[in-house]
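Participant: I'd like to ask some things about the structure below.
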């Protein structure tokens with residue numbers, strides 16, 4: 013997909029696919045092109061070149077039938093504040109063609125999924141920011157879309173509401189729904205997404221599972237052993253372990269590059285102690301998507 017605004021190329025050749033039951037994350041800073049990309053996927057914008065297909069059908073602004081397979085939850089809230097929570101869902105459900113008992117049953121199911129059953133009779137204007145976000149997600153789920161698109165759904169909400177939103181999203185892939193999730197929060201992508209596409213400057217820099225992306229930067233954990241004693245002897249002893257790739261010694265301890273440090277750390281401590289080191293502290297640092305992003309783009313995720 014390519015989309016330009018004058019001299020600015022907002023989306024520059026982004027390409028990926030999402031399988032049923034998969035949660036695919038687009039991870040990148042604000043302004044990376046994520047929202048423009050999903051606007052094309054949802055058929056709100058036409059691509060200047062390239063194409064979008066949902067269930068094998070071409071997507072575009074005039075393709076009304078295929079749009080019925082998509083649920084879109086935008087960054088900006090799309091709810092009616094004067095209507096009660098249930099009334100909002102009933103209204104949007106009717107727009108999607110739901111009627112009668114089917115509509116009532118589906119509204120009840122969605123209220124339960126997003127944790128708003130107890131507040132269904134209250135006007136949406138009385139909801140907290142997090143509750144409004146959850147109602148927004150519920151609206152996108154009503155018609156059981158094949159593809160649910162969530163654009164930065166946790167922006168501006170408190171930690172408790174954010175966790176409730178993430179729990180709701182986690183339940184969706186179990187229903188066989190394909191989910192496209194955009195975020196600039198690394199921890200959300202790591203928690204929710206089966207595969208992740210890293211986006212910057214309108215381009216897809218890399219994609220894969222978390223572990224596949226971590227391997228781009230070597231994939232090794234760092235272990236710091238602070239202590240005193242015969243550090244040189246400990247370095248020799250630790251360097252013989254199969255899990256240890258590198259050992260560096262300084263005057264306050266040892267720094268190691270290790271494969272699967274949580275599994276190896278007990279043996280590291282045992283060998284260092286046996287070699288004559290008195291340990292004061294042990295710290296494990298595992299590589300994460302923030303480091304992958306920095307490696308690929310040369311800047312921090314939130315720059």
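In my numbering, the protein residues as written are 13 to 315.
For glycine and all other residues, C-beta sits at the position ideal for the given N, C-alpha and C.
Since we're looking at a predicted model, the values are computed, not measured.
Taking 8 Å as the cut-off, decide whether the C-beta atoms of residue 214 and residue 238 are in contact.
Facilitator: no
Participant: Do residue 49 and residue 85 count as a contact pair if the criterion is CB distance below 8 Å?
Facilitator: no
Participant: Note down the Cα distance separating residue 208 from residue 53, rounded to an integer number of angstroms.
Facilitator: 17 Å
Participant: By a C-beta neighbour count over all protein chains shown, 10 Å radius and 16 as the cutoff for buried, is residue 295 buried or exposed?
Facilitator: exposed
Participant: Cα-Cα, which of 234, 164 and 308 is closest to residue 88?
Facilitator: Of the candidates 234, 164 and 308, the one whose C-alpha sits nearest the C-alpha of residue 88 is 164.
Participant: Indicate whether residue 150 and residue 128 have their beta-carbon atoms separated by less than 8 Å.
Facilitator: yes
Participant: What separation, rounded to the nearest whole angstrom, lies between the Cα atoms of residue 35 and residue 204?
Facilitator: Residue 35 and residue 204: Cα-Cα distance of roughly 7 Å.
Participant: Who are residue 61's beta bridge partners in DSSP?
Facilitator: 14
Participant: Please confirm whether residue 107 and residue 118 have their CB atoms less than 8 Å apart.
Facilitator: It is not a contact, given that the beta carbons lie outside the stated cut-off.
Participant: Name the DSSP bridge partner or partners of residue 96?
Facilitator: 135
Participant: Quick one: is residue 67 buried, meaning 16 or more other Cβ sit within 10 Å of its Cβ, or exposed?
Facilitator: exposed
Participant: On the three-state DSSP scale, how would you describe residue 293?
Facilitator: strand
Participant: Give me whichever residues DSSP pairs with residue 238 in a beta bridge.
Facilitator: 265 and 293
Participant: Okay, do the stretch 278–291 and the stretch 227–244 touch, 3+ Cβ pairs below 8 Å being the bar?
Facilitator: yes
Participant: State whether the stretch 218–227 contacts the stretch 297–310, with contact taken as three or more CB pairs (one from each stretch) at a distance under 8 Å.
Facilitator: yes
Participant: Taking the beta strand (DSSP E) that residue 212 falls in, what are its first and last residues?
Facilitator: 207–212
Participant: When you compare the stretch 68–77 with the stretch 181–191, are there three or more beta-carbon pairs, one atom per stretch, that lie closer than 8 Å?
Facilitator: no
Participant: Under 8 Å, do residue 253 and residue 273 count as touching if we go by C-beta distance?
Facilitator: no
Participant: How far does the beta strand (DSSP E) with residue 83 in it reach, from first residue to last?
Facilitator: 82–85
Participant: Indicate whether residue 155 and residue 83 have their beta-carbon atoms separated by less than 8 Å.
Facilitator: Against a cut-off of 8 Å, the Cβ pair of residue 83 and residue 155 comes out as a contact.
Participant: Along the chain, where does the alpha helix (DSSP H) that runs through residue 67 open and close?
Facilitator: Neither: residue 67 is in no alpha helix (DSSP H) and is coded neither H nor E.
Participant: Pick helix, strand or coil for residue 78, following the three-state DSSP scheme.
Facilitator: helix
Participant: Nearest by alpha-carbon distance to residue 160: which of 200, 79 and 141 is it?
Facilitator: 79
Participant: Would a C-beta distance cut-off of 8 Å place residue 180 and residue 142 closer than the cut-off?
Facilitator: no
Participant: Under a Cβ-count criterion, where at least 16 other Cβ atoms within 10 Å of its own Cβ denotes burial, should residue 195 be classed as buried or exposed?
Facilitator: With a threshold of 16 other beta carbon atoms within 10 Å, residue 195 meets it and is buried.
Participant: Report the rounded CA-to-CA distance for residue 157 versus residue 122, giving the unit in angstroms.
Facilitator: 13 Å
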